Amino acid sequence: MFSDKLITTFDKGLRTIFAASTAARTRPDAHLDETPLDDASKQHAAALMRVNHVGEVCAQALYSGQAFTSRNPQIVSALQHAADEETDHLAWCEARIHELGGRKSLLNPLWYAGSFTLGAIAGALGDKWNLGFLEETEQQVSVHLQNHLNQLSDSDIKTRTIVNQMQQDEIAHADSAKQLGAGELPAPIKVGMKFASKIMTKTAYYI
Ligand SMILES: [Fe+2]
Ligand SMILES: [Fe+2]
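Under our numbering, the first residue of the sequence shown carries the number 194, and numbering increases by one thereafter.
Now the structure itself:
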């Protein structure tokens, strides 16, 4: 029923933004001890993890928006599987931010609302474009995470291990979208997506 779907979707949004997330998988760095870090490296890592946390809030919103408007049950189930892994990422980022002495973005409600709208539009455009949007998003996130791996201190093995696992998962999400029949997005759309994510990452580093 549409009203049930609406309530579940709205509830999921509120939980993503305001509640602490729980991961289904063990944290990839759980077996590693904390290594000593200087203040600058720690602050930088906390800010990068805030950016990644915002990215994961956006991922939840995109998947939720896409599932809300998609009419293909096979795709909705693939979206659900990826969204579950994104929930792990969300929880891992959140926990790591706190360990590094940082805080989550104050603008999460805004990021969520914007990303949900984009996801819902993609879902309504049909499978090919919905999956194409998903594949391109995941590819861009993977490149972005590599950029963070290049910036994180070599000594920060715990943060690096988390980001590394997230990157592997994002690559798998992109591959699964491709296998399900993702279409290649037009170049201007890809450029627009890169531009939007640049604004998000620059802002989330500070706020
Ligand atoms: Fe993720
Ligand atoms: Fe992903």
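Where is the CB? At the ideal position from N, CA and C, for every residue including glycine. Treat the numbers as computed from the prediction; the structure is a model and nothing was measured.
Q. Around the C-beta of S390, are 16 or more other C-beta atoms found within 10 angstroms, so that it is buried, or is it exposed?
A. buried
Q) Thinking just about the alpha-carbon of each residue, which of E331, S348, T396 is nearest to the one in I362? A) Just to set this straight, residue 362 is Asp in the shown sequence, not Ile. Among E331, S348, T396, the Cα nearest to that of D362 belongs to E331.
Q: Return the residue from the list L299, A260, S369, D231 that minimises the CA-CA distance to D347.
A: D231
Q) When you compare only the Cα positions, how much space is there between L241 and R296? A) 11 Å
Q. How would you write the range of the alpha helix (DSSP H) that R208 sits in, first residue to last?
A. 195-211
**Q.** CB-CB length for A404 against W322, believed under 8 Å
**A.** The requested residue 404 is not part of the displayed model; the chain covers only 194 to 400.
Q) How would you label N343, buried or exposed, when you count the other beta carbons within 10 angstroms and need 16 or more for buried? A) exposed
Q | For I314, three-class secondary structure by DSSP | A | helix
Q) Nearest to G319 by alpha carbon, out of A380, T262, L225, Y256? A) T262
Q: Kindly give me the distance between the Cβ atoms of F211 and S257, rounded to whole angstroms, as I take these residues to be in contact under 8 Å.
A: Contact flag wrong, Cβ pair sits at about 15 Å.
Q) M386: beta carbon under 7 Å from a heavy atom of ligand 1? A) no
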